[in-house]
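Here is the structure we will look at, set down as structure tokens.
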Amino acid sequence: MSNIKKVIKQALKQKSNFAVGELYVNVSAFMGEKIDMKEFVKAYNEVKRI
Numbered sequence: 008m009s010n011i012k013k014v015i016k017q018a019l020k021q022k023s024n025f026a027v028g029e030l031y032v033n034v035s036a037f038m039g040e041k042i043d044m045k046e047f048v049k050a051y052n053e054v055k056r057i
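Just so we're aligned, residue 8 is where the sequence shown starts under the numbering used here, counting upward by one.
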């Protein structure tokens with residue numbers, strides 16, 4: 008979970024206007040595994056709150 012948050016933060020630093028689906032695909036590809044969508048959404052919401 009925390010790894011997903013780190014990757015999301017990195018991606019958003021590089022490009023702040025990612026569509027959520029695009030971000031999901033990129034984070035999955037970067038981590039080299041299919042991420043559970045619920046996990047991703049939870050991490051994404053936590054990152055966006057900050």
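Every residue, glycine too, gets a C-beta built ideally from N, C-alpha and C.
> For F37 versus A18, is the C-beta spacing smaller than 9 Å?
Replying inline: Taking the first residue of the sequence shown as 1, we reach residue 37 at position 30. Taking the first residue of the sequence shown as 1, we reach residue 18 at position 11. Taking 9 Å as the cut-off, the Cβ atoms of F37 and A18 count as close.
> So F37 is in the alpha helix (DSSP H); what residue range does that whole segment cover?
Replying inline: If you number the sequence shown from 1, residue 37 lands on position 30. Counting along the chain, the alpha helix (DSSP H) containing F37 begins and ends at 27 to 38.
>> Just to confirm the assignment, what range does the alpha helix (DSSP H) spanning K41 have?
In response: Here residue 41 refers to the residue found at position 34 of the sequence shown. No alpha helix (DSSP H) holds K41; DSSP gives it neither H nor E.
> Thinking just about the alpha-carbon of each residue, which of N52, Y51, Y31 is nearest to the one in I42?
Replying inline: Start at 1 with the first residue of the sequence shown, and residue 42 comes out as number 35. When only C-alpha atoms are compared, the closest one is Y31.
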